[in-house]
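A.B. asks: Here it is: the structure, laid out below.
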Amino acid sequence: MNGAAQSALAPGGAEAAAILSLFWPVTALLGAIWLAVLLVLALGLWRRPGAAPRRAGLAVGAATAGTVLVVIGLTLASYLVTRPLSAAAEAPLVVQVQGRQWWWQVTYPAEGDAPGFTTANELRLPLGRPVRLELAAADVIHSFWVPNLAGKQDMIPGRDNALLLTPRQAGIFRAQCAEFCGMQHARMALPVVVQPAAEFARWRAGQAAPAAAEALAVAGRQVFESRQCSACHTVRGSEAAGSTGPDLTHLASRETLGAGLLPMTRGALAAWTADPQTLKPGNNMPLVPLTADELQALTEFLALLR
Amino acid sequence: MRAQPRDTGREEAALEASLAAVWSSRPGLLGWLTTVDHKAIGRRYIVTAFLFLALGGVLALLMRWQLAQPEGRLLGPDRYNQVFTMHGTTMMFLFAVPVMEAMGVYLVPLMVGTRNIAFPRLNAFSYWVYLFGGALLWIAFLLDMAPDVGWFAYVPLAGPQYGPGKRADIWAQMITFTEVSALAVAVGLVVTVFKQRAPGMSLDRIPLFVWAMLVTSFVVILAMPSIVLASTALILDRLVGTQFFNPAAGGDVLLWQHLFWFFGHPEVYIIFIPAVGMVSTILATFCRRPVFGYLAMVLALVGTGLLAFGLWVHHMFTTGLPRLGESFFTASSMAIAVPSGLQIFCWLATLWGARPRLTVPMLYVLAFLFTFVLGGMTGVMVASVPLDTQLHDSFFVVAHFHYVLVGGAVFPLLGAIHYWYPKLTGRLMEERLGRWAWGLVFGGFNLAFFPMHLLGLWGMPRRVYTYPPELPWGGLNLFSSLSAALLAAGFLLFFWNAWRSARHGEAAGPDPWGAGTLEWATSSPPPPWNFTRIPVVEGADPLRDSPDALKVAAGLRLDRRELLLTSVMAAEPEARESSPRDSVWPLLAAIATTAMLIWSIFTPWAVVWGAIPVAATLIFWFWPRGTPEDES
Ligand SMILES: [Cu+2]
Numbered sequence: 017m018n019g020a021a022q023s024a025l026a027p028g029g030a031e032a033a034a035i036l037s038l039f040w041p042v043t044a045l046l047g048a049i050w051l052a053v054l055l056v057l058a059l060g061l062w063r064r065p066g067a068a069p070r071r072a073g074l075a076v077g078a079a080t081a082g083t084v085l086v087v088i089g090l091t092l093a094s095y096l097v098t099r100p101l102s103a104a105a106e107a108p109l110v111v112q113v114q115g116r117q118w119w120w121q122v123t124y125p126a127e128g129d130a131p132g133f134t135t136a137n138e139l140r141l142p143l144g145r146p147v148r149l150e151l152a153a154a155d156v157i158h159s160f161w162v163p164n165l166a167g168k169q170d171m172i173p174g175r176d177n178a179l180l181l182t183p184r185q186a187g188i189f190r191a192q193c194a195e196f197c198g199m200q201h202a203r204m205a206l207p208v209v210v211q212p213a214a215e216f217a218r219w220r221a222g223q224a225a226p227a228a229a230e231a232l233a234v235a236g237r238q239v240f241e242s243r244q245c246s247a248c249h250t251v252r253g254s255e256a257a258g259s260t261g262p263d264l265t266h267l268a269s270r271e272t273l274g275a276g277l278l279p280m281t282r283g284a285l286a287a288w289t290a291d292p293q294t295l296k297p298g299n300n301m302p303l304v305p306l307t308a309d310e311l312q313a314l315t316e317f318l319a320l321l322r
Numbered sequence: 005m006r007a008q009p010r011d012t013g014r015e016e017a018a019l020e021a022s023l024a025a026v027w028s029s030r031p032g033l034l035g036w037l038t039t040v041d042h043k044a045i046g047r048r049y050i051v052t053a054f055l056f057l058a059l060g061g062v063l064a065l066l067m068r069w070q071l072a073q074p075e076g077r078l079l080g081p082d083r084y085n086q087v088f089t090m091h092g093t094t095m096m097f098l099f100a101v102p103v104m105e106a107m108g109v110y111l112v113p114l115m116v117g118t119r120n121i122a123f124p125r126l127n128a129f130s131y132w133v134y135l136f137g138g139a140l141l142w143i144a145f146l147l148d149m150a151p152d153v154g155w156f157a158y159v160p161l162a163g164p165q166y167g168p169g170k171r172a173d174i175w176a177q178m179i180t181f182t183e184v185s186a187l188a189v190a191v192g193l194v195v196t197v198f199k200q201r202a203p204g205m206s207l208d209r210i211p212l213f214v215w216a217m218l219v220t221s222f223v224v225i226l227a228m229p230s231i232v233l234a235s236t237a238l239i240l241d242r243l244v245g246t247q248f249f250n251p252a253a254g255g256d257v258l259l260w261q262h263l264f265w266f267f268g269h270p271e272v273y274i275i276f277i278p279a280v281g282m283v284s285t286i287l288a289t290f291c292r293r294p295v296f297g298y299l300a301m302v303l304a305l306v307g308t309g310l311l312a313f314g315l316w317v318h319h320m321f322t323t324g325l326p327r328l329g330e331s332f333f334t335a336s337s338m339a340i341a342v343p344s345g346l347q348i349f350c351w352l353a354t355l356w357g358a359r360p361r362l363t364v365p366m367l368y369v370l371a372f373l374f375t376f377v378l379g380g381m382t383g384v385m386v387a388s389v390p391l392d393t394q395l396h397d398s399f400f401v402v403a404h405f406h407y408v409l410v411g412g413a414v415f416p417l418l419g420a421i422h423y424w425y426p427k428l429t430g431r432l433m434e435e436r437l438g439r440w441a442w443g444l445v446f447g448g449f450n451l452a453f454f455p456m457h458l459l460g461l462w463g464m465p466r467r468v469y470t471y472p473p474e475l476p477w478g479g480l481n482l483f484s485s486l487s488a489a490l491l492a493a494g495f496l497l498f499f500w501n502a503w504r505s506a507r508h509g510e511a512a513g514p515d516p517w518g519a520g521t522l523e524w525a526t527s528s529p530p531p532p533w534n535f536t537r538i539p540v541v542e543g544a545d546p547l548r549d550s551p552d553a554l555k556v557a558a559g560l561r562l563d564r565r566e567l568l569l570t571s572v573m574a575a576e577p578e579a580r581e582s583s584p585r586d587s588v589w590p591l592l593a594a595i596a597t598t599a600m601l602i603w604s605i606f607t608p609w610a611v612v613w614g615a616i617p618v619a620a621t622l623i624f625w626f627w628p629r630g631t632p633e634d635e636s
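Structure representation (structure tokens):
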């Protein structure tokens, strides 16, 4: 992930680009007005003493009229930029994203031949195709914001919101929750992977399949099923079918662990499983006491969930 | 009927002796607790509010320390969330709004030439309630029980399900305290301005600061009911299981946001409008000419106050409201630039070629123009729906509103403190220290907050207790934190200067600046009765219009506290009215109210049983003690 992976100034999508194309001229215009005010102030202070200026009334009137014009112009400009942002696109890819304290559930509904599936903490999008994100919240208000692709949109309990965007650049962007949502609001991020359509289709097929056979064969699977893990997590193909935590069927294929907390490595998996509360204090996964052997078996199992 | 002593034709010294006999408070602690003098209360209010400013500032420094580097370890998430909630709540509810009202409490009666504020006991009550509310919040913080849901307390996070414990209740109840105290002050100020102006101070001669406080008071009266409703509904949801905000039971989450911002946005103007009045006052004095365009200025103040109620939705542009409706609020939000612009243009015209004396208050006015206009520009940006979808809830907004609130209100306030300090204490603040403090505050502020615009554009959201090192935010955050230290040093100098000058400052005399408004017509600090003889006003700038001797009115009684009522429009004398004496009941009523409100965090029955002592204290407060009817 590069430094500009979470920046409104480096658009990788049509919507962010449209907003930025409004941002720069507006900034230039308003900056110029600010400088003009300071200039008049400086001139006014500099001037030799004298009576109040003669045509001051006229100048104040003209400047106020100018303000009115600028306001009208900017209102219209921002309306014109807004309209296409919310215009319905032809046949968009629909993805449901649900904000939870403090992770993201991501559901791809079935589309044509491609079956639907649920995953978590990673969003993948095909390059160039319009996307309609259906945004919801399971508990408190969250806000979905991937600045490189589009402006933010809140996820509000009891309301259905949607965000339209069209990725124009392949790469990994970073979304982050933008509405304060409690203890771990700061650690609620989401990698957004934009990839060419063919690659995306392959990924999609892989995600829809149950967990890898080699993972289901190892001993760690039993630990996972028999300890509390399975009460909260789903691994399709195993007995684990809990839904209060993220779906882990293809956990190891994700870029990051714990909603953007750590890069996905074996070490990170072991550390998280051993003690999620130190890594992300207050999150909703309890510390499950494990023996060293159990921990090692579990880590092996999780790392095989490709 | 016995002949009543009147002030007509008395010797100055004899007159002052009889005024002192009826207007002075008792000496000692009891006098301190029972006084209803608007100056004593106002001073107290100001000092308390600055105390909260200092506390809120310490919290800001803690946050800057934590964010100076990625993965900071000073504060954990739980503590940080309390700290930013406390910072916002303290600054908005316990510093900014009260300090502006406090300035009004102290200055408005002096500026309109009367002897006390209207409803002085209510005014005293308001201070005590404010003090106790602030204490409640800060004691909770020290007990690790402070609210952690943001100063805006969005539901469901602040609701019963996701905000367990008493933290959110403490926030909601603290709001009740500040609502009550703000409303009490606002009512007193409105009546003072409408009915107690010096004879001859017709509407077009009211000083601009007084106009500003009048508009502000109306905004308070109109905005507060909304937050009263919201916080009451929240408490009911939390305490007795109503479901106003629970979507699963037919409630609505966004209802909270509408109610909160219908109050919350006007609140910004409750802070800003008085500041505008301060700027006008300081400018007029040091430019030695009246502010250009008096009528335009007054209309701009009123216009700002009205428009303030049509903007609240711009805090909710990302909640998914209909786009066309949002565009309406873009228009109304940007429209506020028109009255603001008008005022700025009038100030520029006032300054043009006036060669003002660059005293510390003037320097703060210049800092205000630099900073506030920039904040106004970013305000226009966040008013645009498409831009706001990127900027909202990012550090850009943090930069924006600090520019508007610190630049737009705190700078004028610091200038106003320097300016009116001689009236408050009888001494001038030290000029050289004042300049150093000004430089540090102005420079430190801009260095600390300007980079936040960029951080927001680079995607940094607000209210995060930390951020990962792979994001490019570390450098600017460190820079901002170091600059915050400069800003803090500036404030420290300011406090030191205020503290020292109270003892060692140069004696000021009644009118050290050669100003034109009535508060300078009496001694510094003024006697408990403000004016030995009630001044009569014949122009907008009474002291400058008749520099030698102000005309005075006579005929007020001397055997009781008495002041002059005048008509609303032309300020023609209408009646003499008695002004209440000192009383301990406002304090006791405030204590009873506090007990009821805090108790009600724990059980709804507190509202029933707790109301009994409140009612009792109110009965004693209003017990008729044979005060004769007022005379025309
Ligand atoms: Cu969130």
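If you're matching them up, the sequences are chains Y and W in order. With the working numbering applied, the first sequence has no gaps in its numbers, which climb one by one up to 322 at the end. With the working numbering applied, the second sequence has no gaps in its numbers, which climb one by one up to 636 at the end. Ideal placement from N, C-alpha and C gives every residue a C-beta, glycine not left out. Here the structure is a predicted model, which is why all the values come from computation and not from measurement.
#1: Taking the straight line between their C-alpha atoms, what separation do you get for valine 317 of chain W and arginine 70 of chain Y?
#2: Name, please, each residue of chain Y whose Cβ falls closer than 9 Å to the Cβ of serine 398 of chain W.
#3: What span of residues does the alpha helix (DSSP H) with glutamate 16 of chain W cover, start to end?
#4: Which chain W residues are close to valine 76 of chain Y, counting only those with a beta carbon under 9 Å from its beta carbon?
#5: Should histidine 396 of chain W be listed as close to ligand 1, given that the test is whether its C-beta is under 6 Å from any heavy atom?
#6: Nearest to isoleucine 623 of chain W by alpha carbon, out of W:Leu592, W:Leu212, W:Ala610?
#7: If you follow the beta strand (DSSP E) that isoleucine 188 of chain Y is in, where does it begin and where does it stop?
#8: Mind checking whether alanine 234 of chain W and phenylalanine 276 of chain W have CB atoms under 7 Å apart?
#9: Return yes when the C-beta of methionine 204 of chain Y is under 6 Å from any heavy atom of ligand 1, and no when it is not.
#10: Does the beta carbon of tyrosine 469 of chain W come closer than 7 Å to any beta carbon on chain Y?
#11: With respect to 6 Å, is the separation between the Cβ of cysteine 248 of chain Y and the closest non-hydrogen atom of ligand 1 below this value?
#12: Taking Cβ-Cβ distances below 7 Å as the criterion, which residues of the segment 133-159 of chain Y are in contact with chain W?
#13: Beta carbon of histidine 422 of chain W: closer than 6 Å to some heavy atom of ligand 1?
#14: Where does aspartate 515 of chain W land, buried or exposed, given buried means 16+ other C-beta within 10 angstroms?
#15: In whole angstroms, what separates the C-alpha of phenylalanine 189 of chain Y from that of alanine 20 of chain Y?
#16: Leaving out five residues on either side along the sequence, give the residues of the same chain with a beta carbon under 6 Å from the beta carbon of tyrosine 425 of chain W.
#17: Grab me the residues of alanine 216 of chain W's own chain with a C-beta within less than 6 Å of its C-beta, minus the 5 sequence neighbours each way, in chain order.
#18: Buried or exposed for aspartate 586 of chain W, going by 16 or more other Cβ atoms inside 10 Å?
#19: Would glycine 245 of chain W count as contacting chain Y if we go by Cβ distances under 7 Å?
#20: Suppose contacts are defined by Cβ-Cβ distances below 7 Å. Is serine 94 of chain Y in contact with proline 608 of chain W by that definition?
#21: Where does aspartate 170 of chain Y sit, in a helix, a strand or coil, going by DSSP?
#22: Check proline 279 of chain Y in the structure and name its three-state DSSP category.
#23: Which residues, in order along the segment 200-214 of chain Y, keep a beta-carbon less than 9 Å from a beta-carbon of chain W?
#24: Express the C-alpha separation of serine 388 of chain W and proline 251 of chain W in angstroms, rounding to a whole number.
#25: Give, in chain order, every residue of the segment 63-86 of chain W whose Cβ lies closer than 9 Å to some Cβ of chain Y.
#26: Quickly, what does DSSP pair glutamine 121 of chain Y with across the bridge? List them, please.
#27: Nearest-angstrom Cα distance between threonine 322 of chain W and proline 65 of chain Y?
#28: Applying the criterion that 16 or more other CB atoms from any shown protein chain within 10 Å of the CB defines a buried residue, is phenylalanine 626 of chain W buried or exposed?
#29: According to the Cβ coordinates, are alanine 91 of chain Y and alanine 335 of chain W closer than 7 Å?
#30: Report whether the distance from the Cβ of histidine 158 of chain Y to the nearest heavy atom of ligand 1 is below 6 Å.
#31: Relative to the C-alpha of phenylalanine 449 of chain W, which candidate in W:Phe376, W:Arg436, W:Cys291 has its C-alpha closest?
#32: Tell me whether methionine 17 of chain Y sits in a helix, a strand or coil according to DSSP, three-state version.
#33: Using a threshold of 6 Å, is the CB atom of cysteine 291 of chain W nearer than that to any non-hydrogen atom of ligand 1?
#34: For cysteine 197 of chain Y, is the beta carbon positioned less than 6 Å from some heavy atom of ligand 2?
#35: Three-state secondary structure (DSSP) at serine 254 of chain Y?
#36: Should methionine 217 of chain W be flagged as near chain Y, meaning a C-beta pair shorter than 7 Å?
C.D. replies: Put simply:
#1: 42 Å
#2: Ala24, Trp161, Pro163, Lys168, Ala194
#3: 16-27
#4: Phe296, Gly297, Ala300, Leu346, Phe349, Cys350, Leu352, Ala353
#5: no
#6: W:Leu592
#7: 187-192
#8: no
#9: yes
#10: yes
#11: no
#12: Asp155, Val156, Ile157, Ser159
#13: no
#14: buried
#15: 8 Å
#16: Met433
#17: Ile277, Pro278, Val280, Gly281, Leu305
#18: buried
#19: no
#20: no
#21: strand
#22: strand
#23: Gln200, His201, Ala202, Arg203, Ala205
#24: 29 Å
#25: Gly80, Pro81, Asp82, Tyr84, Asn85
#26: Y:Gln114, Y:Ala136
#27: 51 Å
#28: exposed
#29: Note that residue 91 of chain Y is threonine in the sequence shown here, rather than alanine. Yes, the Cβ-Cβ distance between threonine 91 of chain Y and alanine 335 of chain W is below 7 Å.
#30: yes
#31: W:Phe376
#32: Residue placement at methionine 17 of chain Y is flagged as unreliable, the pLDDT there being 44, under the threshold of 50; the coordinate-derived value follows with that caveat. In the structure shown, methionine 17 of chain Y sits in coil (DSSP, three-state: anything other than H, G, I, E or B).
#33: no
#34: This structure simply doesn't include ligand 2; it includes ligand 1 instead.
#35: strand
#36: no
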